[in-house]
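Start counting at 1 in the sequence shown, then tack on 19, and there's your number in my numbering. All C-beta atoms in this analysis are idealised placements derived from N, C-alpha and C, irrespective of residue type, glycine included.
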Amino acid sequence: MFEKYRDLTFCWLNSNEAIVISCDSCGGVGAKEKDYIKVSPEVVGYYTTQVALMEILAVKAHPFAIINNLAVEMDSTGKEILKGINKALVAAELKDKVYITGSTEENFPSLQTALGITVLGKVNKENWTLPKSYRGDFIAVIGIPKVGEEVIMDFGQETLLLGRYKNLLKNPYINEILPVGSKGILFELQELAQSNNLSFRLLEKITLDLNKSAGPATCALITFNEKDLYQVSKDISLPFNIIGQFC
20 MFEKYRDLTF CWLNSNEAIV ISCDSCGGVG AKEKDYIKVS PEVVGYYTTQ
70 VALMEILAVK AHPFAIINNL AVEMDSTGKE ILKGINKALV AAELKDKVYI
120 TGSTEENFPS LQTALGITVL GKVNKENWTL PKSYRGDFIA VIGIPKVGEE
170 VIMDFGQETL LLGRYKNLLK NPYINEILPV GSKGILFELQ ELAQSNNLSF
220 RLLEKITLDL NKSAGPATCA LITFNEKDLY QVSKDISLPF NIIGQFC
């Protein structure tokens with residue numbers, strides 16, 4: 020049985036076990052002639068993998084495979100993208116724990132970089148519980164939404180990378196975490212509220228652009244109990260903005 024949950028698909032094998040599917044794609048970003056944003060293929064591989072991994076990890080699923088569909092030649096663009104994929108796995112503490120497979124375009128020359136990344140994860144209800152948010156939880160944004168050249172120029176100063184994301188996942192005071200992508204903070208907040216059967220109140224003064232694309236998940240929403248504010252925020256080195264509360 021297939022079940023859609025936000026940007027993820029759960030494929031239930033039986034009453035307890037499921038394969039969780041996460042996808043992301045990228046086009047027009049790379050080092051080729053027609054690429055809109057010029058950056059190394061390794062960076063493209065890293066960030067595209069980051070998005071799909073973050074979504075899988077957000078629901079506490081265990082990644083076990085990555086499928087890369089590369090609309091570029093293996094030598095040398097594909098090899099560089101694979102370096103980025105492996106770099107993302109190292110940052111996520113998943114090196115040698117995830118099988119990598121995929122395909123490249125070897126019939127025709129490509130003038131523009133394009134790829135799709137699919138991550139497969141697994142859950143078992145015997146030792147897994149879907150993270151959830153609660154009425155009264157504070158809602159905060161970690162990082163700043165950035166896209167395109169902004170991401171490249173940031174060097175991870177204000178944007179969320181996999182290493183910091185893993186630290187957030189380990190924080191026992193955070194109830195739920197949801198990476199923000201191209202649809203922006205407000206869209207993901209609405210998804211978060213709907214999946215928890217909650218509504219929310221936004222603060223009157225918010226400095227972040229809630230509708231701006233966050234590109235390759237450069238920021239994330241987190242939820243936590245009001246009394247745990249200090250425990251949640253004390254070790255976070257990225258911009259930390261409370262934007263509202265669930266009700």
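- DSSP places G46 in no alpha helix (DSSP H) but in the uninterrupted beta strand (DSSP E) bounded by 36-46.
- No residue range can be given for R25, since it is assigned to no beta strand (DSSP E) and is classified by DSSP as neither H nor E.
- With a 10 Å radius around the Cβ and a threshold of 16 neighbouring Cβ atoms, Q213 comes out exposed.
- The Cβ atoms of T178 and K165 lie closer than 9 Å to each other.
- The beta carbon of E74 sits closer than 7 Å to those of D26, L27, S41, P198, all from its chain and outside the five residues before and after it, given in chain order.
- Of all C-beta pairs linking the region 83-91 to the region 133-151, three or more are shorter than 8 Å, placing the two stretches in contact.
- Taking the C-beta atoms as reference points, L240 is found nearer than 9 Å to I196.
- Sequence-distant partners of K102 (beyond 5 residues in either direction) whose C-beta falls short of 7 Å from its own C-beta, in its chain, are E61, G64.
- Within the region 80-116, the complete alpha helix (DSSP H) segments at least 4 residues long are 98-110, listed from N- to C-terminus.
- Across the set Y153, N105, R183, P191, the C-alpha of N105 shows the shortest separation from the C-alpha of T68.
- Going by C-alpha positions, N215 is about 25 Å away from R183.
- One alpha carbon belongs to V78, the other to Q176, and they sit about 26 Å apart.
- Taking 9 Å as the cut-off, the Cβ atoms of P150 and N194 count as close.
- For E61, the enclosing alpha helix (DSSP H) has its first and last residue at 60-77.
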